[in-house]
Amino acid sequence: MLGALKKTDNLTTFFITGVQRSGTTLLSFMLRNHPDILLGDYSIAFRIIEVLKTKFGRVLPHYLHRSRADLLARLVEVDYKGRLAELLAEVDWSGSESVQEALAKALQTRVAAAGKRCWGDKSPNLQAYLPELLTLLPDARIVHIVRDGRATALSMHQRAHQDLRWSAQQWVDGNLFALQYQVLLGEARLLIVRYEDLLTHSAQVMQQICSFLGLEFHPAVLSPASRESCVTAGKAYVAPKLKTDKIDRYRQQLNAQQLRQIERIQGPLLRKLNYTLHSELAETDFRYLSVGQQVFLRTKDNFRALFRANEVRLVDWQEQKVAVPFRKRLGFFVRVLCQDLLSRRLFDAIFNKKHQQLP
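In terms of my numbering, the sequence shown has 169 at position 169, counting the first letter as 1, and numbering is strictly consecutive.
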C-alpha cells in the first residue's frame with residue numbers, strides 16, 4: 001500500500017520523470033488540471049540542480065571572500081532566461097540557514113499565492129540526477145512514467161534520428177535508475193506508472209497518483225485538454241483526448257530483425273515491467289550494449305546531427321522546427337565526445353573552467 005501524505009500545511013513537492021518519449025508531457029498536462037497542483041510551463045529541475053549545487057560548487061573556491069548569500073543571489077540572477085530568478089524572486093538568502101530552507105520557502109510562497117497545495121515539475125531524464133535533486137529538496141516525491149521500451153526506442157529513433165540500439169540502451173539505463181531509487185527511497189516516495197495503463201485505465205492510474213501526492217482525486221485530471229495550446233493552430237504536442245492507438249503502433253513499424261535487436265538489449269527489463277516479448281530469445285541472448293558500443297553509437301549519432309540544421313522541439317506546447325546554429329551543434333559534439341573519453345576531473349578543467357567565474 002503506497003503511503004499518502006497527510007493533509008498538512010507543509011509544502012508537497014513532486015517531480016515527473018521518465019526517459020524521453022515516455023509520456024512525461026502528457027502526464028504533466030493531466031496533473032496540471034488538478035485544482036490543488038501548481039505545475040509550471042517550463043521544466044525547472046535541471047536549472048535548480050545546475051545553479052544551486054553544481055555552479056555554486058564550482059565558483060565557491062574562487063569567491064571565499066564573498067558571502068554565501070551574495071554568491072547564490074548572483075548565480076540565480078544571471079541564470080538561463082531568468083527562469084530560476086522568477087521562481088526564487090522572493091528568496092532571502094541571508095535569512096535562510098541553508099539552500100534547502102530557502103528553496104522550500106520560495107516554493108511554499110508560490111504555492112500559497114496560487115491557492116494550491118502541491119508544487120510540481122516535469123523533467124524527462126531527471127531520474128539520473130535524483131541524488132543531486134534530493135540534496136536540495138529532500139522531501140520531494142517522484143512520479144516516474146515508463147513506456148514500452150520498443151515504442152520508446154522507435155520514437156527516439158524517428159524524432160532524434162538515433163540508432164535503435166542506442167535508443168534501446170537509453171531506455172534501459174533510465175528506467176533502471178528509477179527501479180534503483182524506488183528501492184532506496186521506498187514506494188511511498190517514488191511511484192512508477194506505465195504509460196499504457198495511463199491510456200487504458202486512466203481513472204485508476206490518476207487516482208493512484210493523487211493518493212500518492214496526498215490529494216483528493218479530481219475528475220479534471222482525466223483529460224489533458226484544458227490548455228489553449230491543445231486546440232490552437234499548428235501541431236499540438238499533446239492531443240486533446242487520450243488515444244490508445246499509439247500503444248502497439250511500433251509493431252507495424254519495426255520489422256522482425258529490429259524487434260529482436262531491441263529486445264536483445266531490453267528483454268529482462270521489459271519482462272520486469274510486465275511487457276511481453278515478441279522474439280524467441282534465450283536468456284543467454286540478452287546483452288546490454290558495452291560502454292565502447294555506447295560511445296561509438298552516440299558519437300555516430302552526434303556526428304550525423306552536425307549536418308542537420310533544424311530539430312523538432314516543444315515550443316509553447318507545440319511541435320516546431322527550430323534552427324540550431326552550426327557552432328552550437330559542433331560544440332555539443334565536441335563536448336559529449338570529450339565527456340565520454342576524458343576523466344571527469346580533466347573534463348571539468350577543460351570545459352567548465354569558465355563556470356568558475358561569476359558573470
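We put the CB at the ideal spot given by N, CA and C, even for glycine.
Straight-line CA distance for residue i to residue j?
| i | j | result |
| --- | --- | --- |
| N310 | A160 | 11 Å |
| F347 | Q293 | 21 Å |
| L190 | L134 | 12 Å |
| G214 | N352 | 41 Å |
| Q208 | F217 | 9 Å |
| Q169 | E196 | 20 Å |
| G234 | D70 | Confidence at G234 is low in this model, with a pLDDT of 45, below 50, so its placement is unreliable and no value can be given for it. |
| K246 | G23 | 11 Å |
| R345 | E187 | 35 Å |
| A112 | L11 | 9 Å |
| I192 | V146 | 7 Å |
| V391 | L184 | Look at the range of the chain in this structure, 1 to 359, and you will see that residue 391 is not part of it. |
| V51 | F286 | 40 Å |
| Q162 | L88 | 37 Å |
Can you list, in chain order, the residues of its chain whose CB lies under 6 Å from that of residue i, leaving out five sequence neighbours each side?
| i | result |
| --- | --- |
| R260 | S279 |
| K95 | The sequence shown places Gly at residue 95, rather than the Lys named in the question. Excluding residues within five positions, none has a Cβ falling inside 6 Å. |
| L137 | T13 |
| D148 | Y275 |
| L199 | L242 and T244 |
| M30 | V221 and P224 |
| R150 | Y250 and I262 |
| E228 | A caution first: E228 carries a pLDDT of 47, below 50, which makes its placement in the model too unreliable to give a value. |
Bridge partners of residue i, per DSSP?
| i | result |
| --- | --- |
| W119 | T13 and L38 |
| Q252 | Q252 is not bridged to any residue. |
| R141 | F14 |
| V146 | R194 |
Among the residues of its own chain, which have a CB less than 8 Å from the CB of residue i, if the five just before and after it don't count?
| i | result |
| --- | --- |
| F177 | Q127, A128 and L130 |
| L281 | R260, E263, R264 and G267 |
| E77 | A85 |
Whose C-beta lies closer than 7 Å to the C-beta of residue i among residues of the same chain, with five residues either side of it excluded?
| i | result |
| --- | --- |
| L164 | A153, H157, Q258, Q261 and I262 |
| I37 | L31, K116, C118 and G120 |
| R313 | Q320 and V322 |
| G40 | D121 |
| S202 | L222 and L242 |
| Q253 | L154 |
Relative to the C-alpha of residue i, which residue among the options is closest?
| i | options | result |
| --- | --- | --- |
| L341 | F307, R298 and F15 | R298 |
| W171 | H201, N255 and Q20 | Q20 |
| H144 | L27, F333, H65 and D248 | L27 |
| G82 | I48, D92 and G23 | I48 |
| D301 | A282, L72, R329 and P219 | R329 |
| A305 | V336, L289, S290 and Y288 | V336 |
| F56 | A45, F46 and R68 | R68 |
| Y288 | L72, R264 and E132 | R264 |
| N175 | L64, L184, E97 and L269 | L269 |
| A140 | S155, A45 and T25 | A45 |
| I16 | V295, C338, P325 and R194 | R194 |
| T109 | E90, P359 and E132 | E90 |
Q) Which runs of the beta strand (DSSP E), 3 residues or longer, sit entirely within the region 155–214? A) With a minimum length of 3 residues, the continuous beta strand (DSSP E) runs that stay inside the region 155–214 are 190–194.
Q) At what residue ranges does the region 295–327 contain a whole run of the beta strand (DSSP E), taking only runs of 3 or more? A) If only complete runs of 3 or more residues are kept, the region 295–327 shows the beta strand (DSSP E) at 310–315 and 318–323, in order along the chain.
**Q.** Inside the region 49–98 only - alpha helix (DSSP H) runs reaching at least 4 residues
**A.** Counting whole runs of 4 or more residues, the region 49–98 contains the alpha helix (DSSP H) stretches 56–59, 68–77 and 83–87.
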